Amino acid sequence: MSNYRIFVEKHPEFQVEAKSLLGELNENLQLELKTLRLLNVYDLFGFTPELLEKSRYSVFGEIVTDSVTDSIDLDGAKYIAVEYLPGQFDQRAASAVDCVHLIEPSAQISIKSSKLLIVDADASEETLEKIRHYYINPVESRTKDLSKLADTEHAAVKPVPVLEGFRSMSGDDLKAYCKKMGLAMNADDLAEVVRYFTEEGRDPNETELRILDTYWSDHCRHTTFTTELESIDVEDSFIKEDIDGTMSLYMKMRAETGREKKGLNLMDMATIGAKYLRKHGLLDDMEVSEENNACSVFIDVDVDGQTER
């Protein structure tokens, strides 16, 4: 059994994703990139040479649309390699493992996937840093070191601490604890959690508290949507002009819909477009109901030769 790394790149006629990303980077980051190559990289562990060849164009690429190679020349190239953080689910790799098992069900393999972006050879380090900051979500991804090929990185699993003394908190302790732990809930909310675990006769562990806080946050986001925005400042950036223009349009639509005296909030921003269209008679097919979490429209359909709405 051996370990391999393969590079999968679309043939020029099929590089739709790469061309789309090139346009996105140039537009959103105000760059002038001329080329961008986008490759899927697979690190393969526990493969035999025969299994690699069997799966090369049946799992990792298609002979008509893809080039699957064992190496790539990066000498003098400007590139960014991106991989998932340890512990993050790698859907592409998981699907590849399933497909390989269709070829050889007993294979004891593992796969890691990553992305490789290769841009203009004369791109500056400043340009590369802008792309890294834009393309890499630090919550789930990181820069990959292509000089290493090892399946040794795993998410560290630490014991979940029990929050000793949790049930004894009250008054100002609750407010301070919310701030210390960065909780979305406030002191009154936390008091309810303390009451619950007091009845349970135990202190919660940190995971339990974080799960409760996550659901609490999701529930309370509706309050956030309707929180009045007393002032809105747009920071200086390359999109400031666009944001200022959008805000001006928003204020104009508020005036036209008679909402200029109502408080500014995120919910109003999210729904002003629909209110504007309805006022101008452009939403005749909208179903008006008491449902707050969804919307629906009316259309005419043919049911056994009869038109029903």
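Converting from the sequence shown to the working numbering requires adding 155 to each position, the first position being numbered 1. Don't be surprised by glycine CBs; every beta carbon is placed ideally from N, CA and C. None of these values were measured; they are calculated from a predicted model.
query = Between the region 353-371 and the region 384-397, do at least 3 Cβ pairs fall closer than 8 Å?
reply = no
message = Quick check on residue 236: does DSSP put it in helix, strand or coil?
response = Within the sequence shown, residue 236 is the residue found at index 81, counting from 1. It is a strand residue.
request  = Answer with buried or exposed for residue 216, where buried requires no fewer than 16 other C-beta atoms within 10 angstroms of its C-beta.
outcome  = Here residue 216 refers to the residue found at position 61 when the sequence shown is read from its first residue. Buried is the call here.
task = From the DSSP output, in three-state form, read off residue 393 for me.
result = Against the sequence shown, residue 393 aligns to sequence position 238. Residue state, collapsed to three classes: coil.
request  = Entirely within the region 184-238 and at least 3 residues each: give me those beta strand (DSSP E) ranges in chain order.
outcome  = 191-202 and 221-224
inquiry  = Going by DSSP in three states, residue 273 sits in which element: helix, strand or coil?
reply    = As a first step, residue 273 must be located in the sequence shown, where it is residue number 118. Residue 273: strand per DSSP, three-state reduction.
query = Which whole-angstrom value describes the C-beta separation of residue 285 and residue 236, a residue pair presumed to lie in contact below a C-beta threshold of 8 Å?
reply = Counted from its first residue, the sequence shown places residue 285 at position 130. Counted from its first residue, the sequence shown places residue 236 at position 81. That belief does not hold up - the Cβ atoms of residue 285 and residue 236 are roughly 16 Å apart, past 8 Å.
Range covered by the alpha helix (DSSP H) that runs through residue 334 = In the sequence shown, residue 334 corresponds to position 179, counting from 1. Segment 327-336, the alpha helix (DSSP H) holding residue 334.
ask   = Can the beta-carbon of residue 405 be found closer than 8 Å to that of residue 422?
value = By 1-based counting over the sequence shown, the position of residue 405 is 250. By 1-based counting over the sequence shown, the position of residue 422 is 267. Going by C-beta atoms, residue 405 is not nearer than 8 Å to residue 422.
request  = Answer yes or no: do residue 220 and residue 165 have a C-beta to C-beta separation smaller than 8 Å?
outcome  = Counting from 1 along the sequence shown, the entry for residue 220 is found at position 65. Counting from 1 along the sequence shown, the entry for residue 165 is found at position 10. In contact: residue 220 and residue 165 (Cβ atoms closer than 8 Å).
request  = Please list the segments of the beta strand (DSSP E) lying wholly inside the region 274-324, counting only runs of 3 or more residues, in order along the chain.
outcome  = 296-298
Beta carbon of residue 440 nearer than 8 Å to that of residue 454 = Sequence index remark: in the sequence shown, residue 440 carries index 285 (1-based). Sequence index remark: in the sequence shown, residue 454 carries index 299 (1-based). In this structure, residue 454 lies closer than 8 Å to residue 440 by Cβ.
key: Sequence-distant residues of the same chain with beta carbon closer than 8 Å to residue 203, five excluded per side   = Working through the sequence shown from its first residue, we reach residue 203 at position 48. So the list reads 156 and 157, once near-sequence residues are dropped.
inquiry  = Could you give the first and the last residue of the continuous beta strand (DSSP E) run that contains residue 417?
reply    = Locating residue 417 in the sequence shown gives position 262, counting from the first residue. Where residue 417 is concerned, there is no enclosing beta strand (DSSP E), given that its DSSP letter is neither H nor E.
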